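Taking the working numbering as reference, the numbering of the sequence shown is continuous, increasing by one, and the terminal residue is 1444. All C-beta atoms in this analysis are idealised placements derived from N, C-alpha and C, irrespective of residue type, glycine included. Just so you know, these numbers come straight off a predicted model, no measurement behind them. Structure, as structure tokens:
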Amino acid sequence: MNIITITLLLIITFLINPIKDLEEKIVTTPFLTLSYIIILSYVLCALNIPLYKWIYILILIPFLIYRLRTFNLDNFKNFKINLSNEFKILYVFLIIIAIFYYLTWIPFPKAYVDVTFHAYKIKHLIDGNYILGIRNYPSGFYIFIYILSDKASDILENIAYFRVIFLILIALSYYYLGSVFNKKLGLFMGIFALSLVEFYVYSIEEIYPNFFGFLFFIYAISFIYKYLKTNEKIHLFYTSLSIISMSFTHLFPLCMFLFFILSLSILKFKKEYLAIIFITILSLGFSYTIYSSIGNSERIISSAKTIHYDKKISYSDIITTTVECFGNSPPFINILEDSYKNFKIYAKILKILMIFYIFLFIIGFIYSINERYYFPFILTTLLTIFWIFNVKIGIYIPYFSYLYDLRRGIDNLSILLPIFYGIGLFAIYRIKKPLKNVLLIASIVLIILTLSIDYSLIKESENVFIAISNDDFKAYNWINENNITNKTFFSLYIWADGSQYIPIYTKNNLIYSYINLTFFDRYGYAMKYWSDNYNYKNFIKICKKYNISYIYLSYGRKLPPYFEDVEKDIKPNKNFFENKTYFQKVYESGTVTIYKIK
């Protein structure tokens, strides 16, 4: 992991961050660093300059020198650390959470299937130092992992680190949003952001770029309210950086941000909104100009024409799913509850806790209206209507429109939940004793229970849905130790297995369902059929045609019980490869076997 580059960037951006309030400076510096990395990367790519990491630091040096020139030693002598008690509490809580998850998650990054897509995007950046090859999909998330990675084999580990990094940053962003109105409200929002740890950790395994974009989404809302409160232009400028960063990370958070702009003025339009609308249009224009400069803007805009919706989904399904969402119910609880004994107790407890979360949501919803915090309930209402409309009719959204069916749409809506939970707890806090203390203690217990149960669910699900095992890592090491390079491996296991990471951990190519869909659609199932029926002639013919040198068989991935029947159909016939006339077994250890084609 490249700690030096990111640490230096954080230190330098902290020093040049023009915000004077220390607490706000600390909270906004990570945002400023990430925005700088993403926006500069796209500008460099538009100028056809490689993304060498030293460039990011070099460009900031003049700004740092300028800031140091204005540094006054007398001011430093009188400097006081003026941090609120609420921020100190959140900060300590974040340190404890970070250490806990660092010790429990990081030692072995057990990658889920959907990480493959992201890993290959990042590998392209490492190999080529350009965004050009992945210009048909916003690259903000990939750029960040690229900055953290020195080599391709760092990718999975850094994605695992990202889970902890994201958890800390999203809690800070919610704290900043709430603290614009009240410090205690900020603390409650930040804490409830942590209570959704299962959601962030499990869901973002599938849609990392979305949730990285949502980080900028929350900051953008914060900067707008800060601007409306202080009328300081720096917050308007930071709003622009947020919008551009969202554009370069994922369009769906940007879509939600536009709904937020609508929610601002839907009841009462103020003249200050004109500046916000202007800066939004200007930022979007800048983003589109950079995209166009990189090339093939038409491909960028129309990269996903598939609209996935199901007219058969009933309104009762929509209501049930939405209520579960507002109650912080994990999206995969029902599946796991039906499949694993260990999940039954956890699922029942979480469903009981869901009642209290719904209670907090309702209190927060009512209180936000009563106190004229209009944007949360208006934005939530608009987005809920939007997703219902999408499910029943279908709306085109660039970049993987098929992800925005009912479940995925509600997953994205869940990013707003800490706002309502925080407002709900803040409303409870403001009522008189003794009920206030009782409900506060109950809320703290709720968060602790949710964190502990979510952790148990995550660890159990990682043992089930693992796509890569220690046996695979041993096989990668063997490939490297024997200097096998520039060869093509073929994985016959139709379900995702450890072979998908061969090009990440070794210098070899792979033909596989997730990597080369065209090949697999044409020949994958045929080769499975030929191996099951011992048709060596056709099998070897295709291997020679596509320069396949090795067959990689891995059975290390554990599948849920409800996939047992599917497993029988997709598992390759290992006996087929024992024929020494056509294959030579060159490696076998644990659940991995590698055959060389003669």
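Assigned exposure category for residue i - 16 Cβ within 10 Å defines buried
i       : result
Leu1259 : buried
Ser887  : buried
Lys1030 : buried
Pro1349 : buried
Ser1162 : exposed
Tyr1392 : exposed
Thr1152 : Note that Thr1152 scores a pLDDT of 38, beneath 50, so its modelled location is shaky and nothing firm can be said.
Ile852  : buried
Lys1426 : exposed
Glu1434 : exposed
Pro908  : exposed
Trp900  : exposed
Lys1072 : buried
Thr1439 : buried
Leu914  : exposed
Ile1330 : buried
Leu1249 : Low per-residue confidence applies at Leu1249: pLDDT is 48, beneath 50, and the placement is therefore not dependable, though the value from the model is reported in the following sentence. Buried, because 16 or more other Cβ atoms sit within 10 Å of the Cβ of Leu1249.
Ala1288 : exposed
Leu906  : buried
Asp1000 : buried
Phe1423 : buried
Lys1374 : buried
Gly1344 : buried
Own chain, CB closer than 8 Å to residue i, minus 5 neighbours either side, in chain order
i       : result
Thr874  : Asn863, Ile865, Tyr1022, Tyr1065 and Tyr1084
Pro1222 : Gly1210, Phe1211, Ser1214, Leu1262, Ile1265, Phe1266 and Ile1269
Phe990  : Leu880, Ile883, Ile884, Phe1008 and Phe1058
Ile945  : none
Val1447 : No statement about residue 1447 is possible, as the shown extent of the chain runs from 847 to 1444 and does not include it.
Asp973  : Ala998
Leu1061 : Phe877, Leu880, Phe1012, Leu1015, Ile1016 and Ser1019
Asn1332 : Lys1353, Asn1354 and Asn1355
Contact set for residue i: own chain, Cβ-Cβ below 6 Å, skip 5 residues either direction
i       : result
Thr879  : Leu855, Leu856 and Thr859
His964  : Tyr1054
Ser1086 : Ile1125 and Ser1129
Thr1076 : none
Phe1235 : none
Beta-carbon gap between residue i and residue j smaller than 7 Å
i       : j       : result
Leu994  : Asn848  : yes
Ile1005 : Tyr988  : no
Phe1335 : Tyr1396 : yes
Ile1388 : Tyr1369 : yes
Leu1100 : Ser1093 : yes
Leu971  : Tyr937  : no
Leu1013 : Glu932  : no
Lys1444 : Tyr1428 : yes
Asn975  : Leu897  : yes
Phe1358 : Ser1377 : The sequence as given places Tyr at residue 1358; Phe does not occur at that position. No, the pair does not count as a contact, with Cβ atoms beyond the cut-off.
Which listed residue (the options) has its alpha carbon closest to that of residue i
i       : options                               : result
Phe1058 : Ser1088, Phe1423 and Leu1356          : Ser1088
Asn1328 : Val1010, Asn1354 and Tyr1375          : Asn1354
Ile1473 : Ser999, Ile1037 and Gly974            : Outside the displayed span of the chain (847 to 1444) sits residue 1473, for which this structure offers no information.
Phe1098 : Phe1272, Tyr983, Asn1419 and Thr1334  : Tyr983
Ser1025 : Lys1079, Ile895, Leu914 and Glu870    : Glu870
Ile850  : Ile1201, Ile903 and Cys891            : Ile903
Leu861  : Leu890, Leu910, Asn894 and Gly1370    : Leu910
Phe1205 : Leu1271, Met1102 and Ile1234          : Leu1271
Asn1326 : Thr1352, Lys1333 and Val1291          : Thr1352
Pro1418 : Lys1431, Ser930, Tyr1398 and Ile1080  : Tyr1398
Phe1063 : Gly1344, Ile1090 and Thr1076          : Ile1090
Ile1208 : Cys1171, Leu1229 and Phe1235          : Cys1171
Met1200 : Leu1228, Ile1386, Val1169 and Thr1226 : Val1169
Ile1165 : Tyr1219, Ile1198, Ile1231 and Ile1277 : Ile1231
Leu1229 : Tyr1322, Gly1131, Asp996 and Ile1107  : Ile1107
Val1291 : Arg1218, Phe1202 and Asp1000          : Phe1202
Lys1420 : Tyr1380, Asn1384 and Lys1390          : Tyr1380
Ile872  : Ile927, Tyr912 and Ile895             : Ile927
Sequence-distant residues of its chain with Cβ nearer than 7 Å to residue i (five each side left out)
i       : result
Ala1039 : Ile1016, Ala1017, Tyr1020 and Pro1264
Ile1224 : Ser1109 and Ile1112
Ala892  : Ile1136, Ser1139 and Ile1140
Ala1121 : Leu1082
Ile1080 : Pro864 and Ile865
Met1035 : Tyr1020, Tyr1021, Leu1023, Gly1024, Pro1264, Ile1265 and Gly1268
In DSSP terms, what residue i is bridged to
i       : result
Phe1335 : Leu1356 and Tyr1396
Ser1435 : Val1438
Gln1430 : Lys1442
Minimum Cβ-Cβ distance from residue i to chain C less than 7 Å
i       : result
Asn1419 : Considering every chain present, this structure includes no chain C. It has just one protein chain.
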